[in-house]
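K.L.:
In the numbering used here, the protein residues as written are 13 to 347.
Can you read through this structure? Questions will come right after.
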Amino acid sequence: MAEVEINAVSKAFGKAQAVSGLSLTVGDGEFVALLGPTGAGKTTALRLIAGLERPDCGSIRIDGRDVTGDAPADRDVAFVFQQYSLYPHLTVFENMAFALRAPTRRVPEADIRAKVQEVARLLHIESKLHNKATQLSGGQMQRVAIGRALVRSPSIYLMDEPLSSLDAKLRGELRLELKRIQVDLGATILYVTHDQTEAMTMASRIGVIEAGRLMQIGSPREIYENPVNAHVAARLGQPTINLLPAALFAGVPAGVETIGARTEHLTIGRGGGDVSATVKRVEHLGDQSHLHLDLGGRPVVTLADPEAGLGAGDEVSLRLNKPLFFDAKGWRVAA
Ligand SMILES: Nc1ncnc2c1ncn2[C@@H]1O[C@H](COP(=O)(O)OP(=O)(O)OP(=O)(O)O)[C@@H](O)[C@H]1O
Ligand SMILES: [Mg+2]
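Right under this line is the structure:
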């Protein structure tokens with residue numbers, strides 16, 4: 013495994029600026045997640061590192077070596093694609109063994125068998141090794157696609173939403189498995205996702221990417237507790253942070269236009285708060301309930317206390333407790 017260093021890399025497709033001045037280092041053995049909405053430039057960033065796209069400017073180093081001009085095959089990266097494509101006529105075993113069979117690698121057959129078996133066991137697809145790729149469910153295919161990368165020991169694994177086509181239960185299981193495998197192997201992983209739970213639970217650092225730009229990078233906790241702007245604040249947290257006009261509240265510091273209030277920043281009472289709001293509905297999600305409020309025509313969503321017995325039409329008071337402050341452009345203002 014190796015350190016990967018991306019330095020001021022940009023890439024445009026015609027008028028679309030997919031990636032803008034991206035600088036990022038993934039340390040040896042580190043798990044970094046790139047989190048961002050659709051079209052943010054996540055896949056393009058991975059393709060640039062893999063050498064599948066040429067940057068317009070900037071450089072990429074792997075293990076201290078400048079690989080900016082190198083062909084993909086000379087970069088020693090393993091890519092798990094968002095649109096995984098298996099060789100349909102080959103068995104699961106042969107799909108996974110494929111990269112190890114490259115003539116330049118000369119891996120002994122016994123080693124190939126052992127490695128494929130080991131990875132198939134980790135991914136719970138051992139019983140499918142002799143199936144054709146076409147005889148698998150989508151979730152099984154996705155695991156084979158991950159397995160094809162894991163049989164190799166590249167400088168870095170680039171993973172593009174590898175769990176996106178799995179059902180919620182399997183996604184939760186594989187999230188834990190993948191993290192365990194990464195720790196066991198000491199693997200360096202750059203992992204792209206728009207799923208905040210995946211980023212929060214697997215990554216040692218999260219890079220939040222928006223419209224081709226890296227907005228902030230830090231530990232999950234730093235990103236959650238100390239977002240640089242309202243975009244980043246809205247990326248993490250469920251329910252999503254409430255961004256409310258400062259004018260609705262008294263005693264807000266100068267320069268603050270927007271107040272960011274997560275559940276933990278809001279105390280709901282039956283009176284005596286900063287402002288009053290009306291309950292629109294209580295949404296029961298099983299493990300938690302969301303309380304939807306109307307605050308002077310603005311929607312506010314927070315976790316509901318099931319003991320409070322609130323229902324539609326109830327009047328409540330709302331008190332702010334150390335919320336986040338943002339200026340007119342959405343940048344953080346110190347409290
Ligand atoms: N080959 C291409 N030709 C033209 N435009 C492209 C190409 N690839 C990407 N883009 C554009 O670049 C931007 C970033 O695309 P990218 O695929 O990197 O986003 P993403 O963050 O991976 O999104 P998603 O979450 O939907 O996969 C988009 O506006 C997209 O339309
Ligand atoms: Mg993508």
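For each residue, glycine too, the CB sits at the ideal point set by N, CA and C.
Quick check on the burial criterion: 16 or more other C-beta atoms within 10 angstroms. Buried or exposed for Gly-281?
P.N.:
Locating residue 281 in the sequence shown gives position 269, counting from the first residue. Classification for Gly-281: exposed.
K.L.:
For the segment 47-63 and the segment 204-211, state whether three or more C-beta atom pairs, one from each stretch, are separated by less than 8 angstroms.
P.N.:
yes
K.L.:
What are the uninterrupted segments assigned as beta strand (DSSP E) that are 3 or more residues long and contained completely in the segment 90-178, given in chain order?
P.N.:
168-172
K.L.:
Mapping DSSP to helix, strand and coil, what is Ile-61?
P.N.:
As a working note, residue 61 is residue 49 in the sequence shown. The three-state secondary structure of Ile-61, taken from DSSP, is helix.
K.L.:
For Thr-205, verify whether its CB is less than 7 angstroms away from any heavy atom of ligand 2.
P.N.:
If you number the sequence shown from 1, residue 205 lands on position 193. No, Cβ of Thr-205 sits at least 7 angstroms from all heavy atoms of ligand 2.
K.L.:
Only counting the same chain, and skipping five residues up and downstream in sequence, which positions put a Cβ closer than 7 angstroms to that of Asn-107?
P.N.:
By 1-based counting over the sequence shown, the position of residue 107 is 95. Around Asn-107: Leu-98, Tyr-99, Ala-145, Val-156 and Arg-160.
K.L.:
Given that a residue counts as buried once 16 or more other Cβ atoms are within 10 Å of its Cβ, and exposed if not, what is Gly-267?
P.N.:
Taking the first residue of the sequence shown as position 1, residue 267 is located at position 255. Gly-267 comes out exposed.
K.L.:
For Gly-53, verify whether its CB is less than 7 angstroms away from any heavy atom of ligand 1.
P.N.:
Locating residue 53 in the sequence shown gives position 41, counting from the first residue. Under cutoff, so the answer is yes.
K.L.:
Could you tell me if the beta carbon of Gln-250 falls within a distance shorter than 7 angstroms of some heavy atom in ligand 2?
P.N.:
Working through the sequence shown from its first residue, we reach residue 250 at position 238. Using a cutoff of 7 angstroms, the CB of Gln-250 does not count as near ligand 2, since none of the ligand's heavy atoms is closer than that.
K.L.:
Nearest to Asn-19 by CA position, among Ser-32, Lys-27 and Phe-25, is which residue?
P.N.:
Within the sequence shown, the letter at position 7 stands for residue 19. Closest option to Asn-19, Cα to Cα, is Ser-32.
K.L.:
Quick one: what's got a C-beta closer than 6 angstroms to Ile-124's C-beta in the same chain, skipping five residues either side?
P.N.:
Numbered from its first residue, the sequence shown carries residue 124 at position 112. Around Ile-124: Ala-109 and Leu-112.
K.L.:
Under 8 angstroms by Cβ, that's how I've got Met-227 and Asn-241 pegged, so tell me the actual separation to the nearest angstrom.
P.N.:
Numbered from 1 along the sequence shown, position 215 holds the residue referred to as residue 227. Numbered from 1 along the sequence shown, position 229 holds the residue referred to as residue 241. Confirmed, about 7 angstroms.
K.L.:
How long is the line joining the alpha carbons of Val-128 and Leu-162, rounded to whole angstroms?
P.N.:
Here residue 128 is taken as the residue at index 116 of the sequence shown, counted from 1. Here residue 162 is taken as the residue at index 150 of the sequence shown, counted from 1. Taking the straight line joining both Cα atoms gives about 9 angstroms.
K.L.:
Could you check what DSSP says for Ile-235 in three-state terms: helix, strand or coil?
P.N.:
In the sequence shown, residue 235 corresponds to position 223, counting from 1. In the structure shown, Ile-235 sits in a helix (DSSP, three-state: H, G or I).
K.L.:
Judging by CA-CA distance, which residue of Leu-248, His-142 and Lys-334 is the nearest neighbour of Pro-232?
P.N.:
By 1-based counting over the sequence shown, the position of residue 232 is 220. Sorting Leu-248, His-142 and Lys-334 by C-alpha distance to the C-alpha of Pro-232 places Leu-248 at the top.
K.L.:
Below 8 angstroms, can you find three or more Cβ-Cβ pairs linking the segment 57-75 to the segment 191-205?
P.N.:
Yes, the segment 57-75 touches the segment 191-205.
K.L.:
Given 7 angstroms as the limit, tell me if Thr-209 has its C-beta closer than that to any heavy atom belonging to ligand 1.
P.N.:
The residue labelled residue 209 in the question sits at position 197 within the sequence shown. It does not: the Cβ of Thr-209 is nowhere closer than 7 angstroms to a heavy atom of ligand 1.
K.L.:
Looking only at DSSP bridge pairs, what is Glu-295 linked to?
P.N.:
Position 283 of the sequence shown, counted from the first residue, corresponds to residue 295. BP columns for Glu-295 point to His-302.
K.L.:
Run through the segment 191-274 for me and flag every whole alpha helix (DSSP H) of 4 or more residues, listed as ranges in chain order.
P.N.:
208-214, 232-237 and 242-247
K.L.:
Taking the continuous beta strand (DSSP E) assigned at Glu-327, which residues delimit it?
P.N.:
On the sequence shown, residue 327 is found 315 positions in, with the first residue counted as 1. First-last of the beta strand (DSSP E) with Glu-327: 327-332.
K.L.:
If Val-345 sits next to Phe-338, beta carbons under 8 angstroms apart, how far is it from one beta carbon to the other, in whole angstroms?
P.N.:
Taking the sequence shown and counting its residues from 1, the one referred to as residue 345 is at position 333. Taking the sequence shown and counting its residues from 1, the one referred to as residue 338 is at position 326. Val-345 to Phe-338, Cβ: 6 angstroms. Contact.
K.L.:
For Ile-253 and Thr-314, what's the separation of their Cα atoms in angstroms?
P.N.:
Residue 253 sits at position 241 when you count from the first residue of the sequence shown. Residue 314 sits at position 302 when you count from the first residue of the sequence shown. Whole-angstrom Cα-Cα distance: 9 angstroms.
K.L.:
Here's the rule I'm using: 16 or more other beta-carbon atoms within 10 Å means buried, otherwise exposed. How should Ser-167 be labelled?
P.N.:
What you label residue 167 is simply residue 155 of the sequence shown in a count that begins at 1. Per the 10 Å Cβ criterion, buried.
K.L.:
With C-beta atoms as the reference, is Gly-325 less than 8 angstroms away from Val-291?
P.N.:
Translated into positions along the sequence shown, residue 325 becomes position 313. Translated into positions along the sequence shown, residue 291 becomes position 279. Yes, Cβ-Cβ distance for Gly-325 and Val-291 is below 8 angstroms.
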